[in-house]
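Novice: Starting off with a structure, shown below.
Chains as they are written, first to last, in the numbering used here: chain X, 1 to 115; chain V, 1001 to 1115.
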């Protein structure tokens, strides 16, 4: 079965530190990849997505992610985090379906940024 | 503009009771999705509608769960004979269509607690 694995469950960083959150998926075919973010008290929102083309994708608020097909990975990065980046981050994949709304999510990573 | 609205925001019910959870999608969004998020996990797909019909209900855990969208707008998720294991946050999302250019817009969810 298809699955998404996020290796870091809880990450604590100081402001200005660099961030990398790992995400691996299991599916051998074409995939669409997403990162969603949930800020405290808010709904899930799309951070960035990859469908095809340049494997390095840029999203909102300075986030980027790199799709490495050979490693089945789609890691999220930000060079310098801010306190306002404190949130829960979910990696998701849509695999083998034309419907990009039917997603398989990872279990999430809680990021805590200390001021 | 108005986002996806879910009511109630919280629901506490006794084991064995019937519950209905409501979702008002963004106006004009034809696709509607239900997800369930258990504590410490990522959202898990339940069902999606394109218009009035359930296009894919493969994520519904058993026949106690049922969802409708009779007029292609508001949707109701119905759970019969609730069990403690049904306790979770039930998320609704909508999108303009099913194409890769139609991102999901999530509501804030309904937190269901079965005692």
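We treat Cβ as the ideally placed atom computed from N, Cα and C, and that holds for glycine.
1) Could you tell me whether any Cβ in chain V is nearer than 8 Å to the Cβ of residue 100 of chain X?
2) From this set, X:106, X:29, X:52 and X:70, which residue's C-alpha is nearest residue 23 of chain X's C-alpha?
3) Taking just the CA atoms, how far does residue 1007 of chain V sit from residue 1046 of chain V?
4) When you check each C-beta in the stretch 1043-1063 of chain V against every C-beta of chain X, which residues fall closer than 9 Å?
5) Can you give me the Cβ contacts of residue 1065 of chain V inside the same chain, cut-off strictly under 6 Å, excluding the 5 residues immediately before and after it?
6) Taking the straight line between their C-alpha atoms, what separation do you get for residue 13 of chain X and residue 67 of chain X?
7) Does residue 1086 of chain V pass the burial test, meaning 16 or more other C-beta atoms within 10 Å, or should it be called exposed?
8) Return helix, strand or coil for residue 1053 of chain V, following the three-state DSSP convention.
9) Kindly list the residues whose CB is nearer than 8 Å to the CB of residue 1096 of chain V, restricted to its own chain and excluding five residues on each side of it in sequence; keep chain order.
10) What separation, rounded to the nearest whole angstrom, lies between the Cα atoms of residue 8 of chain X and residue 110 of chain X?
11) For a minimum of 4 consecutive residues, which ranges assigned as the alpha helix (DSSP H) are wholly contained in the stretch 28-97 of chain X?
12) List, in order along the chain, the chain X residues whose C-beta lies closer than 9 Å to that of residue 1010 of chain V?
13) Name, please, each residue of chain X whose Cβ falls closer than 8 Å to the Cβ of residue 1075 of chain V.
14) In whole angstroms, give me the CA-to-CA distance for residue 1020 of chain V and residue 1071 of chain V.
15) Note down, in chain order, every chain X residue with its Cβ under 9 Å from the Cβ of residue 1040 of chain V.
16) What residue from X:87, X:71 and X:37 has the CA that sits closest to residue 48 of chain X's CA?
Specialist: Judging by the given coordinates:
1) Flagged as an interface residue toward chain V: residue 100 of chain X, by a C-beta distance shorter than 8 Å.
2) Considering only X:106, X:29, X:52 and X:70, the residue with the shortest C-alpha distance to residue 23 of chain X is X:106.
3) Per the coordinates, the alpha-carbon of residue 1046 of chain V lies some 18 Å from the alpha-carbon of residue 1007 of chain V.
4) Here the close residues are 1043, 1044, 1045, 1048, 1050, 1055, 1056, 1058 and 1059.
5) 1079, listed in sequence order.
6) So the alpha carbons of these two residues sit roughly 24 Å apart.
7) Flag for residue 1086 of chain V reads buried.
8) In the three-state DSSP reduction, residue 1053 of chain V falls in the strand class (E or B).
9) 1028, 1029, 1030, 1031 and 1102.
10) Counting only the Cα atoms, residue 110 of chain X lies some 8 Å from residue 8 of chain X.
11) Listed in chain order, there is nothing to give.
12) For residue 1010 of chain V, there are no C-beta contacts with chain X under 9 Å, since the nearest C-beta of that chain is about 14 Å from it.
13) The contacting residues do not exist; residue 1075 of chain V stays about 14 Å from chain X at best.
14) Cα to Cα, residue 1020 of chain V sits roughly 17 Å from residue 1071 of chain V.
15) Near residue 1040 of chain V (Cβ distances below 9 Å), the residues of chain X are 9, 107 and 108.
16) Proximity to residue 48 of chain X across X:87, X:71 and X:37 peaks at X:37, based on C-alpha coordinates.
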